[in-house]
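Written out below as structure tokens is the structure these notes cover.
Number of protein chains: 2
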Amino acid sequence: MARKTGSHSEITGPAVQRAAEKLFARHGFAAVSMRQIAAEVGVQAGALYNYTADKQSLLFDLMKTHLDELLAAWEETPKGDTATDRLEAFCRFHISYHLDRPDAVFIAYMELRNLEPDNFAVIEGLRKTYETTLEDILRAGKEAGEFTLPDTKLATLAVIAMLTGVTTWYRDDGRLSRDRVERIYWNMVRKAVAA
Amino acid sequence: MARKTGSHSEITGPAVQRAAEKLFARHGFAAVSMRQIAAEVGVQAGALYNYTADKQSLLFDLMKTHLDELLAAWEETPKGDTATDRLEAFCRFHISYHLDRPDAVFIAYMELRNLEPDNFAVIEGLRKTYETTLEDILRAGKEAGEFTLPDTKLATLAVIAMLTGVTTWYRDDGRLSRDRVERIYWNMVRKAVAA
DNA sequence: GATTGAACTGAACGCACGTTCATATAGTCT
DNA sequence: AGACTATATGAACGTGCGTTCAGTTCAATC
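Chains A and B are the protein sequences, given in the same order.
Take the first sequence: its position 130, counted from the start at 1, is 130 in my numbering, and no numbers get skipped.
Take the second sequence: its position 73, counted from the start at 1, is 1073 in my numbering, and no numbers get skipped.
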């Protein structure tokens, strides 16, 4: 319904998503108005409704797209054979992917409570799917004797919380390179689950 | 200015803080109206202004009180002699204290961006103070040869993120007791920083 | 029993919200 | 050139916001 042929401007549709993502991440869904989003795009508020049904859909589409792409990207990541190798792949993938998309990540973790029930169920399902990929690695490693885990589910949540925390402080112009951050986190995770 | 002598009801002041804490934690600061808070207390919106200057002060006071009490409670916690003992004390304290006050914790971590600049500076300072208590333990342990940490600051943030994550899933009627959760987390932290 | 004053109500303030829609504009196609 | 269509405007809608305040209520005091 958008941008089939050129018109006043080009590519306004994607620009709306980008503006919403930026503003929702900075100020929170409830604190951002459609008029602010429109101003960021450079149009009037009414024009936004050529690209989204309503404000709620804007949030849902942002989160759904993020999680779909996250899961797809993980599918395509080389993983190695042993559980230890796959855990390292997961840690590095999670940090790297999340540092590339700080706004989308922030929204996906913070704005769950602003989703209407049906939308929440969809997003929560995708989030659980992603958690399960880590849980499967940890369980396999435990059964293979590579890891020692008193509670696999708890370890899953602990590792994800720890890794995701990187997005709250990492800066590209900061003291540590991404590779160094990945390496340090992986070392902590490796030791934490070690047999 | 409130509750010197009885009147229509009793103890409305503290009830306002409790109502605000509950609603801010559930729906987010920006999504909660003064009228909703008043309804939760059982009063009209105008009456709230006998107990708070404005909505922003309600948020700030909630966060400031939480962090002041958090720091005071840590000061009074027995800590042991070695860095390892103090780290265990910190992990158990952090989990236990946070599980006792899920709403206040949630607000303190999620609503920072809704603080006006001056208020933000105060809260951020208190948060940094708390972080420093952990960082000091980790550095001491590193210098004493008890821990191996490629980057003390990063380890501080990683441990706090991991421990705080417990508030997102723990339920009092869930599968694991608090003591068991504390023990499992402490074991992961202990191994992650081990020499 | 009159007075006081804190606590509260209920209406009002100006403003911003999400959303709609008639209208205008400007590219594309024949 | 003229018709078509996607796109955008800008005003308007009803609603709810944070906040204020004149007036009411009522327990405590003298």
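In this text, a Cβ means the ideal position worked out from N, Cα and C, and glycines have one as well.
Keep in mind the model is a prediction, meaning the values are calculated, not measured.
Of the residues assessed, T1132(B) falls on the exposed side of the cut-off, its CB having fewer than 16 other CB atoms within 10 angstroms. DSSP, reduced to helix, strand and coil, places A195(A) outside both helices and strands of the structure shown, so it counts as coil. Listed by position along chain B, the residues whose Cβ is nearer than 7 Å to that of K191(A) are K1191, A1192 and A1194. For L1048(B), no alpha helix (DSSP H) segment is defined, and its DSSP state is neither H nor E. Nearest CB-CB separation between R178(A) and chain B: not below the 8 Å threshold. Per DSSP, the continuous alpha helix (DSSP H) segment holding W74(A) begins and ends at K55 to E75. Among the CB atoms of chain B, none fall inside 8 Å of the CB of M34(A).
The beta-carbon of P150(A) is placed less than 8 Å from the nearest beta-carbon of chain B. T156(A) is not a Cβ neighbour of L176(A), given a cutoff of 8 Å.
Here the alpha carbon of L126(A) sits roughly 8 Å from the alpha carbon of D68(A). Residue pairing by DSSP places F147(A) opposite A194(A) in a beta bridge. Separation of the CB atoms of R113(A) and G1028(B) is rounded to 6 Å, and the pair is thereby assigned contact status at 8 Å. A1019(B) and K55(A) have their C-alpha atoms some 28 Å from each other. Annotated as distal: A15(A) and I107(A), with beta-carbon spacing of 8 Å or more. Pairing H94(A) with L163(A) gives a Cβ-Cβ distance under 8 Å. For P1078(B), the secondary structure class from DSSP, reduced to helix, strand or coil, is coil. In the structure shown, the three-state DSSP call for Q1044(B) is coil. In the structure shown, W1169(B) falls within a coil segment according to DSSP collapsed to helix, strand and coil. D81(A) and Y97(A) have their C-alpha atoms roughly 21 Å apart. Rounded to the nearest angstrom, the Cβ distance from M1110(B) to A158(A) is 20 Å, too far for a contact under 8 Å. At a cut-off of 8 Å between beta carbons, G1080(B) makes no contact with chain A. Distance between L149(A) and V193(A), taken at the CA atoms: about 6 Å.
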